[in-house]
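Heads up: take any position in the sequence shown, counting from 1, add 1, and you land on the working numbering. The beta-carbon is built from N, C-alpha and C at its ideal position, and this holds for glycine as well.
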Amino acid sequence: MHYHKIPPIDIDRNRNSFDKLLVIADKSGSEVKLFEEKKYPFDTLKPCIIMKNILLIVAFCFSNLSHLFADPSKAVICGRAIPSMDSTITLDRLMNNPITGRAPQESYVVTVEEDSSFFLEVITPRLTTGRLLIGNRSYEIVLFPGDSIFVQAQEEDVVFSGVGGYKNTFLKEIAELGLNDAGIAPQFNDRALSLPGFLEFMKNVKDGRIKHLRENERLLEPSFRHYFESETEVIYINLLQNYPYYWAKGQGLEPDTLTLPAGYRNVCRLSSVLKDQYTVLPRYTTILRRALYESAQHLKLKTSSLSMEDAMQKVIMDSLKGDSKEYYLTSSVFFGLKFERRDSIMERMFRTEVKDTFYLKTIATVLDNKAKFERFIGAALPEECRQTVLCNPSGTEMSFGEVLAKGKGKIIYLDIWSVTCPPCLKAMPYLDTLQQSLKELPIEFVFITIDPERLGSWERIFSLVPSPQNQYRFKSGLQAKLLHFFEIDYIPEYMIFDKEGKLLDYRAMSPASLEKGDDSLLLLLKKLATS
């Protein structure tokens with residue numbers, strides 16, 4: 002089963018005790034800290050940068066002095082928004098843990114004051130990325146501990162200044178040039194380019210990003226340059242690793258039958274991927290896993306007596322060193338725990354090989370969260386989840402608790418999905434099979450999309466789902482409390498509730514299991530409905 006990262010790309014259910022792993026994670030031999038504190042040099046804008054008005058000059062001076070007194074584990078974003086803009090400023094999708102892809106507090110919302118000013122203090126114990134929403138516009142943001150950024154929001158533009166401001170101006174320019182994820186996505190998703198054509202496109206994107214970096218590097222912190230160069234390489238590798246598969250499927254071909262140009266083969270080689278500087282990025286897990294798998298396949302061909310599992314273990318032990326090894330083992334254990342697909346070999350390797358307190362604390366935190374979720378099995382959801390606001394196709398708002406109450410007396414199988422999620426769409430025919438097989442039993446299939454209506458109109462949704470019944474969307478999209486409480490970062494996500502609306506499973510089996518002839522989910526739902 003594949004999962005789709007929110008927002009859009011890329012794991013035997015087992016409910017064993019986590020106690021042993023938790024004890025080992027807690028006994029690291031030294032104090033376990035949630036985040037390793039790193040010091041970064043801060044940027045200073047060159048005198049030649051012309052401020053647009055006196056307000057910006059004053060703000061720039063203030064923000065460049067304020068970092069002397071600032072909490073080094075926090076960053077400040079303040080500024081002014083014109084009155085016609087929204088009354089709130091949002092900072093969301095925050096990430097400073099490259100394993101989990103999350104930050105301790107993932108979003109902030111502040112009110113714009115009557116004088117159009119706003120002030121936001123953000124916890125940033127290490128490099129933190131996110132998205133700043135002002136009005137109907139969004140901007141990619143990178144924050145370092147101690148940054149003091151002033152934002153002047155205008156009708157058609159936003160100006161960043163102060164300590165940390167220039168790197169975010171740089172990211173805005175990268176977006177305007179179409180060299181960020183949003184600019185690349187249409188070409189990847191349309192799959193209209195041939196394999197050589199997409200390879201050339203990605204080379205131009207990579208060259209364009211690095212060219213713009215070189216033109217601005219004197220104004221950018223060395224640590225940001227390091228981050229941006231790493232991100233550029235990882236984006237390039239990740240998309241070239243994935244494009245042939247999706248392109249082949251679009252052409253009705255089997256990916257294994259393709260003869261790939263050299264550029265595609267190169268990015269699957271472990272020697273091209275294995276770099277410790279990439280460990281600051283969540284996507285490093287994806288590209289490293291693919292390269293390790295390719296190496297294990299080659300090893301298995303040479304040594305036929307090896308199983309694929311043994312070959313993978315040997316490649317990991319023989320090829321991975323240093324931070325990349327600890328990063329990969331931690332990531333593997335994390336995903337195994339998150340998706341109920343634990344790997345005893347990876348856990349054993351984690352216990353013996355991983356010493357970094359940041360990685361140890363990451364797994365300890367995941368275990369703590371799982372224990373929190375498990376407490377709600379067989380119980381009513383917390384009120385914050387029940388109050389999550391949904392909208393139905395007619396525009397009527399209702400809480401998730403009301404949806405559960407509406408289904409009282411029936412088993413509820415919940416599908417959280419998106420119209421842009423390939424694994425979600427792949428599962429829909431099997432959901433239809435389940436519905437048809439169980440239609441005489443007291444079971445409700447409920448669908449909630451994370452998509453805003455501009456992305457997933459109801460007409461589009463109805464064309465993709467098995468039935469127009471029980472269709473909802475989260476009113477607050479990715480900010481929905483249900484998503485945050487259960488730390489739902491990947492979709493599809495399935496849940497099962499009993500006839501009283503109590504939670505039975507928050508990581509339920511996917512209907513796509515039927516593809517492999519596994520009817521465990523079908524039998525489980527029958528049993529629950531008839532008991």
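Reduced DSSP category for residue i - H, G, I as helix; E, B as strand; rest coil
{"i": "Ser514", "result": "helix"}
{"i": "Ala547", "result": "Any property of residue 547 remains undetermined from this structure, which presents the chain solely from 2 to 532."}
{"i": "Ile211", "result": "helix"}
{"i": "Tyr507", "result": "coil"}
{"i": "Arg132", "result": "strand"}
{"i": "Leu415", "result": "strand"}
{"i": "Phe374", "result": "helix"}
{"i": "Phe335", "result": "helix"}
{"i": "Thr287", "result": "helix"}
{"i": "Val281", "result": "helix"}
{"i": "Phe487", "result": "coil"}
{"i": "Ala82", "result": "strand"}
{"i": "Asn181", "result": "coil"}
{"i": "Leu172", "result": "helix"}
{"i": "Asp100", "result": "Correcting the residue type first, residue 100 is Ile in the shown sequence and not Asp. Ile100: coil per DSSP, three-state reduction."}
{"i": "Ser118", "result": "strand"}
{"i": "Asp148", "result": "coil"}
{"i": "Glu494", "result": "strand"}
{"i": "Leu391", "result": "strand"}
{"i": "Asp520", "result": "coil"}
{"i": "Asp11", "result": "At Asp11 the pLDDT is 32, less than 50, meaning the model places this residue with poor confidence and gives no usable figure here."}
{"i": "Ser195", "result": "coil"}
{"i": "Arg461", "result": "helix"}
{"i": "Arg270", "result": "coil"}
{"i": "Ser320", "result": "helix"}
{"i": "Val123", "result": "strand"}
{"i": "Ser400", "result": "strand"}
{"i": "Glu327", "result": "helix"}
{"i": "Ser438", "result": "helix"}
{"i": "Ser296", "result": "helix"}
{"i": "Val143", "result": "strand"}
{"i": "Ser231", "result": "helix"}
{"i": "Val466", "result": "coil"}
{"i": "Ala530", "result": "helix"}
Residues of its chain near residue i, where Cβ-Cβ distance is below 8 Å and the 5 sequence neighbours each way are ignored
{"i": "Leu515", "result": "Tyr431, Thr434, Leu435, Leu522, Leu523"}
{"i": "Met347", "result": "Leu330, Ser333, Val334, Gly337"}
{"i": "Ile451", "result": "Ile7, Ile417, Trp418, Ser419, Arg474, Phe475, Gly478, Leu479, Ala481, Leu484, Ile492"}
{"i": "Ser231", "result": "Lys276, Gln278, Tyr279, Val281, Leu282"}
{"i": "Ala380", "result": "Lys503, Leu504"}
{"i": "Lys315", "result": "Ala297, Leu300, Leu307"}
{"i": "Leu180", "result": "Val206, Gly209, Arg210, His213"}
{"i": "Leu261", "result": "Leu196, Pro245"}
{"i": "Met318", "result": "Met350"}
{"i": "Pro187", "result": "none"}
{"i": "Glu454", "result": "Arg474"}
Bridge partners - residue i, DSSP secondary structure assignment
{"i": "Val159", "result": "Ala154"}
{"i": "Thr450", "result": "Trp418, Arg474"}
{"i": "Leu92", "result": "Tyr109, Leu133"}
{"i": "Tyr167", "result": "Per DSSP, none; premise fails for Tyr167."}
{"i": "Glu445", "result": "Ile413"}
{"i": "Arg1", "result": "Here the chain has residues from 2 to 532 only, and residue 1 is not among them."}
Integer Cβ distance of residue i from residue j, believed to fall under 8 Å
{"i": "Asn471", "j": "Phe446", "result": "6 Å"}
{"i": "Phe340", "j": "Arg508", "result": "7 Å"}
{"i": "Leu415", "j": "Ile449", "result": "7 Å"}
{"i": "Lys411", "j": "Ile444", "result": "6 Å"}
{"i": "Gln327", "j": "Val355", "result": "Note on identity: in this sequence residue 327 is Glu, with Gln being the wrong assignment. Between Val355 and Glu327 the Cβ distance is about 5 Å, and since that is below 8 Å, they are a contact."}
{"i": "Gly90", "j": "Ile135", "result": "Reading the sequence as shown, one finds Ile at residue 90 and not Gly. The Cβ separation is near 6 Å, so the contact holds."}
Own chain residues within Cβ distance below 6 Å of residue i, not counting five before or after
{"i": "Asp506", "result": "Ile497"}
{"i": "Pro512", "result": "Ala428, Tyr431, Leu432, Leu435"}
{"i": "Val268", "result": "Ile238, Leu241, Gln242"}
{"i": "Phe199", "result": "Tyr244"}
{"i": "Thr130", "result": "Met96, Val143"}
{"i": "Phe487", "result": "Tyr507"}
Contact set for residue i: own chain, Cβ-Cβ below 7 Å, skip 5 residues either direction
{"i": "Met203", "result": "Tyr237, Leu240, Leu241"}
{"i": "Leu254", "result": "none"}
{"i": "Ile124", "result": "Ser74, Lys75, Pro105, Gln106"}
Do the segment 490–501 and the segment 457–471 meet, that is, are 3 or more Cβ pairs less than 8 Å apart?
-> The segment 490–501 makes no contact with the segment 457–471, as fewer than three CB pairs between them are under 8 Å.
Count the C-beta pairs between the segment 74–94 and the segment 103–117 that are closer than 8 Å, then say yes if the count reaches three, no if not.
-> Counting Cβ pairs under 8 Å, three or more are found: they touch.
Specify whether the segment 196–211 and the segment 148–167 touch according to this definition: at least 3 beta carbon pairs, one from each stretch, less than 8 Å apart.
-> Counting C-beta pairs with one atom in each stretch, the segment 196–211 and the segment 148–167 have fewer than three that are closer than 8 Å, which means they do not touch.
Flag this pair as touching only if the segment 292–304 and the segment 271–282 have three or more C-beta atom pairs under 8 Å; answer yes or no.
-> A contact exists between the segment 292–304 and the segment 271–282.
Using 8 Å as the Cβ pair cut-off and three pairs as the minimum, do the segment 386–402 and the segment 352–360 touch?
-> Result no; under three Cβ-Cβ pairs closer than 8 Å.
Between the segment 183–203 and the segment 214–227, are three or more C-beta pairs nearer than 8 Å?
-> No contact exists between the segment 183–203 and the segment 214–227.
Would you check if the segment 112–119 and the segment 169–188 touch, i.e. whether three or more CB-CB distances between them fall below 8 Å?
-> Two segments are said to touch when three or more pairs of C-beta atoms, one from each, lie closer than 8 Å; by this definition the segment 169–188 does not touch the segment 112–119.
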